[in-house]
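J.:
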């Protein structure tokens, strides 16, 4: 069997890779476990030195890696270089802070000495998506390796080249060859990998159905999971918001990565007193975005990653319009090669429509009109998802109250769009998953929090 990557801008084959058999995978996992037995004993100083070298390697390959992502999943080059830089940042962040985050915690008891230690768990399997081919992996790998764990990666098949490039970054940085390995396998082989007795835990970023399947398999084997799943992020625009700044942030969030982000804004919940002005400016800003070849300068957004995903998004738009939504912009598949879909805005979106209830994973925005703050909060929380949310208001105390107390999501922002940051925990609630990545919370997800008691 083989794995083929296809350029979504022209649907031409990029490269074909031989997929790995179950026996090859077992041998790799066994080798990783052998390496881990020594890696877990290395000092934080050595791990830090290697992780900072990985950041150097990433920056040295920035243009090469950005081009690879563009060819495999359609990312605009300027966004690709920023993604690589962010990966270098997360490597440096954990290189600098892992020892502090995982230092022993003294606890006063009747013992002569008692404390909490944080010890590595073993091999962590990462099942990762295609939309941020490097960042999704490094935000797991940097803390996992700094904690003394080993990693194995099952990446999305359409970014197989990126998956191998990540493995190569760690090897070029000087990490032991088998402390981080990429598995070129299909989704049907993931269960077998989870079953391997040397795999201690699983982290998955992807769809809610995929997360449920992996959680069920790992749970049956009593192996820990961290899941970062889908989202239908609500952005509330209140009557006292700076509309121009709100539009800028909302459009940037919706169109980043051609709208293919779990934390991009998807539902824009606008108080009716400012709805007309917001909608007009929002549509104009969306219309100004340039769709084109992701490798050409001046392109704001490129093709969607796969044809089936583009067609699924269009079906959600079509069904919403059939149910009464107003198509204010876009909404038609362009007559050109590649998996392109135009910036699209739907107005008069109501509960029961796909644009209201489902995740729109592409450059489509849904505008929902509400009477007041109370209704806005109710609509925002009326979702199976709970990953990110934002509120726009000139009253910062009001915004903080809504973000902190009212909104049901793992990441809530005031007057800005939701983004991930190595310094802050990242993750969701409800069907957006559980557990946290990044910050000191993320590195502690895959350690044995051990009580040590000396009488």
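Numbering (our numbering), first residue to last: 28 to 482. The beta-carbon is built from N, C-alpha and C at its ideal position, and this holds for glycine as well. All values reported here derive from a predicted model rather than from experimental measurement.
(1) Would you give the residue range spanned by the alpha helix (DSSP H) that residue 108 belongs to?
(2) Identify, in the order they occur along the chain, each residue of the same chain with its Cβ nearer than 6 Å to the Cβ of residue 286, setting aside the five sequence neighbours on each side.
(3) Where DSSP assigns a beta bridge to residue 396, which residues make up the other side?
(4) Counting only the same chain and skipping the five closest in sequence on each side, list residues whose C-beta sits under 7 Å from that of residue 95.
(5) Whether or not the stretch 166 to 182 and the stretch 459 to 472 are in contact is what I'm after, with contact meaning three or more pairs of Cβ atoms, one per stretch, closer than 8 Å; do they touch?
(6) Any chance you could list the beta strand (DSSP E) runs of at least 3 consecutive residues sitting entirely within the stretch 331 to 397, in chain order?
(7) Using the beta-carbon count (16 or more within 10 Å), is residue 480 buried or exposed?
(8) Determine the contact status of residue 53 and residue 465, defining contact as a CB-CB distance below 8 Å.
(9) Whole angstroms is fine: what's the gap from residue 90's alpha carbon to residue 104's?
(10) Secondary structure at residue 189, three-state DSSP: helix, strand or coil?
(11) Hey, is residue 350 close to the ligand ZN, as in C-beta under 7 Å from one of its heavy atoms?
(12) At what residue ranges does the stretch 259 to 314 contain a whole run of the beta strand (DSSP E), taking only runs of 3 or more?
(13) So within the stretch 418 to 449, which uninterrupted beta strand (DSSP E) runs reach at least 3 residues, ignoring any that extend past its ends?
(14) Compare the beta carbon distance of residue 250 and residue 218 with 8 Å and say whether it is the shorter of the two.
(15) In this structure, does DSSP put residue 233 in helix, strand or coil?
(16) If you measure between the beta carbons of residue 494 and residue 383, is that distance less than 8 Å?
(17) If I measure Cβ to Cβ from residue 244 and keep anything under 7 Å in the same chain, skipping five residues before and after, which residues do I get?
(18) Checking the sheet assignment: what are the DSSP bridge partners for residue 29?
(19) Count the other CB atoms within 10 Å of the CB of residue 68; is the residue buried (16 or more) or exposed (fewer)?
(20) Looking only at DSSP bridge pairs, what is residue 413 linked to?
(21) Please determine, among 342, 375, 415, the residue with the shortest C-alpha to C-alpha distance to residue 359.
(22) With three or more C-beta pairs closer than 8 Å as the rule, is the stretch 291 to 302 touching the stretch 400 to 416?
(23) Tell whether a beta-carbon distance below 8 Å holds between residue 476 and residue 124.
(24) Please state whether the Cβ-Cβ distance between residue 66 and residue 203 is less than 8 Å.
(25) Alpha carbon to alpha carbon, how far is residue 231 from residue 148?
(26) Between the stretch 130 to 139 and the stretch 150 to 163, can you find at least three pairs of beta-carbon atoms closer than 8 Å?
(27) Excluding sequence positions up to five away, which residues of its chain have a Cβ less than 8 Å from the Cβ of residue 46?
(28) Please report the straight-line C-alpha distance between residue 102 and residue 140, rounded to a whole angstrom.
(29) Cβ of residue 81 within 8 Å of Cβ of residue 206?
(30) In this structure, does DSSP put residue 91 in helix, strand or coil?
(31) Within the same chain, show all residues whose beta-carbon is closer than 7 Å to that of residue 368, passing over the 5 residues directly before and after it, in chain order.
(32) Please list, in chain order, all residues of the same chain as residue 451 whose beta carbon is under 7 Å from its beta carbon, the five residues on each side excluded.
(33) Whose C-beta lies closer than 6 Å to the C-beta of residue 353 among residues of the same chain, with five residues either side of it excluded?
(34) Is the stretch 262 to 278 touching the stretch 411 to 425, taking contact as three or more C-beta pairs under 8 Å?
(35) Can you tell me which of 362, 425, 283, 385 puts its alpha carbon nearest to the alpha carbon of residue 344?
(36) How many Å lie between residue 121 and residue 150 at the Cα?
T.: To lay it out plainly:
(1) Here residue 108 is taken as the residue at index 81 of the chain shown, counted from 1. 104 to 128 is the extent of the alpha helix (DSSP H) around residue 108.
(2) Looking up residue 286 in the chain shown gives position 259. So the qualifying residues of the chain are 389, 390.
(3) Position 369 of the chain shown, counted from the start, is the residue given in the question as residue 396. Its beta-bridge partners are 297.
(4) Locating residue 95 in the chain shown gives position 68, counting from the first residue. Excluding positions up to five away in sequence, the list reads 188, 189, 192.
(5) These segments touch.
(6) 353 to 356, 371 to 374, 391 to 397
(7) Here residue 480 refers to the residue found at position 453 when the chain shown is read from its first residue. Classification of residue 480: exposed, given that the 10 Å Cβ count is below 16.
(8) Counting from one through the chain shown, the residue named residue 53 turns up at place 26. Counting from one through the chain shown, the residue named residue 465 turns up at place 438. No, the Cβ-Cβ distance between residue 53 and residue 465 is not below 8 Å.
(9) Locating residue 90 in the chain shown gives position 63, where the first residue counts as 1. Locating residue 104 in the chain shown gives position 77, where the first residue counts as 1. Using only the alpha carbons, I get a separation of about 8 Å.
(10) Counted from its first residue, the chain shown places residue 189 at position 162. In the structure shown, residue 189 sits in a helix (DSSP, three-state: H, G or I).
(11) The ligand content of the structure shown is nil, which means the ligand ZN is not present either.
(12) 260 to 264, 292 to 298
(13) Secondary structure within the stretch 418 to 449: the beta strand (DSSP E) runs of 3 or more consecutive residues, fully enclosed, are 438 to 441 (chain order).
(14) In the chain shown, residue 250 corresponds to position 223, counting from 1. In the chain shown, residue 218 corresponds to position 191, counting from 1. Not a contact, by the Cβ cut-off of 8 Å.
(15) One-based indexing of the chain shown puts residue 233 at position 206. Reduced to three states, the DSSP call for residue 233 is coil.
(16) Any property of residue 494 remains undetermined from this structure, which presents the chain solely from 28 to 482.
(17) Position 217 of the chain shown, counted from the start, is the residue given in the question as residue 244. Cβ neighbours of residue 244 beyond the five flanking positions: 218, 221.
(18) For the purposes of this step, residue 29 is taken as residue 2 along the chain shown, with counting starting at 1. Answer is 45.
(19) Indexing the chain shown from 1 puts residue 68 at position 41. Under this definition residue 68 is an exposed residue.
(20) Here residue 413 refers to the residue found at position 386 when the chain shown is read from its first residue. Per the DSSP secondary-structure output, residue 413 pairs in a beta bridge with 456.
(21) Working through the chain shown from its first residue, we reach residue 359 at position 332. That would be 342, whose Cα lies nearest to the Cα of residue 359.
(22) yes
(23) Sequence index remark: in the chain shown, residue 476 carries index 449 (1-based). Sequence index remark: in the chain shown, residue 124 carries index 97 (1-based). The Cβ atoms of residue 476 and residue 124 lie no closer than 8 Å to each other.
(24) Counted from its first residue, the chain shown places residue 66 at position 39. Counted from its first residue, the chain shown places residue 203 at position 176. Taking 8 Å as the Cβ cut-off, residue 66 and residue 203 qualify as a contacting pair.
(25) Sequence index remark: in the chain shown, residue 231 carries index 204 (1-based). Sequence index remark: in the chain shown, residue 148 carries index 121 (1-based). Cα to Cα, the separation comes out at about 17 Å.
(26) no
(27) In the chain shown, the residue the question calls residue 46 occupies position 19. These residues qualify, in order along the chain: 28, 29, 30, 211, 212, 213.
(28) Counting from one through the chain shown, the residue named residue 102 turns up at place 75. Counting from one through the chain shown, the residue named residue 140 turns up at place 113. Rounded to the nearest whole angstrom, the C-alpha separation of residue 102 and residue 140 is 54 Å.
(29) By one-based count along the chain shown, residue 81 stands at place 54. By one-based count along the chain shown, residue 206 stands at place 179. Not in contact: residue 81 and residue 206 (Cβ atoms no closer than 8 Å).
(30) In the chain shown, counting from the first residue as 1, residue 91 sits at position 64. It is helical.
(31) Looking up residue 368 in the chain shown gives position 341. These residues qualify, in order along the chain: 331, 337, 340, 341, 360, 389, 390.
(32) Residue 451 sits at position 424 when you count from the first residue of the chain shown. Cβ within range, chain order: 465, 466.
(33) In the chain shown, counting from the first residue as 1, residue 353 sits at position 326. Once the five neighbours on either side are set aside, the close Cβ partners of residue 353 are 374, 375.
(34) yes
(35) By one-based count along the chain shown, residue 344 stands at place 317. Here the closest residue by C-alpha is 385.
(36) Indexing the chain shown from 1 puts residue 121 at position 94. Indexing the chain shown from 1 puts residue 150 at position 123. Computed Cα separation, rounded: 18 Å.
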